[in-house]
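Peer 1:
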Amino acid sequence: MKKYQKCIVITGIIAVILAVAVSIFATGRFRRPLVAFYRIPEQNIPFIKSLLEKDADFKEYDNKVSLYSQLQSGRKPDILLTTSGQPLKTAESLAPKNTSVPLALFADITTSIRSAATKAPGENYKSLPLLASHFEVDINVRKLRKTSVKNINTWDDIASFIRESKKKNNDLGLIFAGRDGTTTLDLLSALAEALNGKAAYDAAVTIIQDTIAEYAQKEKPVNLDDVASRLVEGINAPLYDAAQFLRKWIKDGLITAESFSMDRQTLSAFMQNNMASVAIMSLADHRSIKHDIIEPFTSIFFPSEMSPELRHFVAPVYYAVPFSQNSRSTALLKKLISTETQENLSYATGLAPALARCKTPDKQANDARYWIAATNAPLPGLSRETSLSDEQLRVLGAALANLIRK
8 MKKYQKCIVI TGIIAVILAV AVSIFATGRF RRPLVAFYRI PEQNIPFIKS LLEKDADFKE
68 YDNKVSLYSQ LQSGRKPDIL LTTSGQPLKT AESLAPKNTS VPLALFADIT TSIRSAATKA
128 PGENYKSLPL LASHFEVDIN VRKLRKTSVK NINTWDDIAS FIRESKKKNN DLGLIFAGRD
188 GTTTLDLLSA LAEALNGKAA YDAAVTIIQD TIAEYAQKEK PVNLDDVASR LVEGINAPLY
248 DAAQFLRKWI KDGLITAESF SMDRQTLSAF MQNNMASVAI MSLADHRSIK HDIIEPFTSI
308 FFPSEMSPEL RHFVAPVYYA VPFSQNSRST ALLKKLISTE TQENLSYATG LAPALARCKT
368 PDKQANDARY WIAATNAPLP GLSRETSLSD EQLRVLGAAL ANLIRK
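Take any residue in the sequence shown, count from 1 to its spot, add 7: that is its number in this note's numbering.
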């Protein structure tokens, strides 16, 4: 009988040990953290993986499918890397309520980027900023030196430079990859902020989201022509001044109207053939262009009559959102924001680091960090403020282009 009771006790202990082991493995304490990517620039993902491959496993979500639906099925990541705007809001809303980023990890992050991060209950944050892009104006310095324009500080300076360059070089003036809906929306975002301030940008976000909600309530597909009309038509429309600015510059020959038909490859080809005095793009796109093509260009921020303390640059920030709260995930967050990793990330991607004091690969990355740090919380850009698909963004961009060119 005693032997039988002893077996029962041993069996019970083994059962408890197995239950604890299962619980430990279920919570992920002994497995490598899973890091997932959503709407991170594709050219940057291999670099990030190479820095973390000893510490994590990886998964790439489909950028063409909503993040919400993908997070609702299958194993959730321990850390999700995504962009500011709607993807970040979705990720933070679906992350467990007990997950957060320790306040201590924000100690050396620039104030403006820190102010854009979402607070969690208490002193912690819901996500950790890592890198920033920046929507910029690129000036062909070689052509600039051949004109009478000595400094570029205003839109009038840019216009004067383009006029002289077109006469001397018979080039296209200012170009951008407007065939991509993301570029058109972010260009209008940056112009609206520069001309009218953050209030115009916020009003545009509200119109897009409210119009989408209206059509959803009617159980109808959203009419993107209607969205475009509400954004730019009428003096009270939030993007009216930005659209009028583009319309006038196209009419005056400063911007080639073909910009709305250019993709990124076409843009790069025109730059390579010395056909542009000015180009507009994101820092992430800047980094995807071959060095010998982009080398003659220097980057500046969108000029404005507003003082820096009132500015909010369009500069999408890439975040790490924790979905698990264990020692391995926390260690990975610490590694991502360490000086060594921040420098490696900046050198590998060419983007601006979140840390205020660490090395950057060149002037462009350092300038972007400084410009964002010298202003207020950066804006994601209208292309990231909704859950519209890439195809819907393309259609919306085309609708906006048609209204601007008419």
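For every residue, glycine included, the Cβ atom is placed at its ideal position computed from N, Cα and C. Note that the structure is a prediction, hence the values are computed from the model and not measured.
1. May I ask you to verify whether the segment 162 to 171 touches the segment 288 to 300, counting CB pairs closer than 8 Å and requiring at least 3?
2. Since N351 is in the beta strand (DSSP E), which residue starts that stretch and which ends it?
3. Please report the distance separating the alpha-carbon of K342 from that of R364.
4. Since F277 is in the beta strand (DSSP E), which residue starts that stretch and which ends it?
5. With a Cβ-Cβ cutoff of 7 Å, do A139 and A286 count as a contact?
6. Apart from the five residues on each side of it in sequence, which residues of its chain come closer than 7 Å, Cβ to Cβ, to N409?
7. Which same chain residues, not among the five before or five after S275, have their C-beta less than 7 Å away from its C-beta?
8. Taking the beta carbon of V156 as the centre, do at least 16 other beta carbons fall within 10 Å, making it buried, or is it exposed?
9. I86 and P303 look like a contact to me (Cβ under 8 Å); what is the Cβ gap, rounded to whole Å?
10. What whole-angstrom Cβ distance do L403 and L194 have, given they're in contact under 8 Å?
11. Give the straight-line distance between the Cα atoms of K71 and R391, rounded to the nearest whole angstrom.
12. Considering only C-alpha positions, which residue in the set E347, T117, P136 is nearest to I47?
13. For the alpha helix (DSSP H) that contains T190, what are its first and last residues?
14. Between which two residues does the beta strand (DSSP E) containing S289 stretch?
15. Among residues of its own chain, excluding the 5 on either side of Y247, which ones have a beta-carbon nearer than 8 Å to its beta-carbon?
16. Classify K413 as buried or exposed, calling it buried when 16 or more other Cβ atoms lie within 10 Å of its own Cβ.
17. Between T356, I182, D374, which lies nearest to F54 when the distance is taken from Cα to Cα?
18. Please determine, among S284, A375, E49, the residue with the shortest C-alpha to C-alpha distance to K153.
19. In the DSSP assignment, what are the bridge partners of I182?
20. In chain order, which continuous runs of the beta strand (DSSP E) of length 3 or greater are located wholly inside the segment 58 to 101?
21. For the alpha helix (DSSP H) holding S425, just list the boundary residues, first then last.
22. Should R376 go down as buried or exposed, given a rule of 16 or more other Cβ atoms within 10 Å for buried?
23. Counting pairs of beta carbons, one from the segment 100 to 108 and one from the segment 126 to 136, are three or more of them closer than 8 Å?
Peer 2: By the coordinates alone:
1. no
2. Where N351 is concerned, there is no enclosing beta strand (DSSP E), although the alpha helix (DSSP H) it sits in stretches over 346 to 356.
3. 16 Å
4. Element bounds for F277: not the beta strand (DSSP E) but the alpha helix (DSSP H), 271 to 279.
5. no
6. none
7. I296, I300
8. buried
9. Not a contact, Cβ separation roughly 39 Å.
10. Incorrect: roughly 13 Å between the Cβ atoms, too far for contact.
11. 13 Å
12. P136
13. 188 to 203
14. 285 to 289
15. V239, E240, G241
16. exposed
17. T356
18. S284
19. A286
20. 64 to 67, 86 to 90
21. An answer regarding residue 425 cannot be provided, because it is not within the stretch 8 to 413 covered by the chain.
22. buried
23. yes
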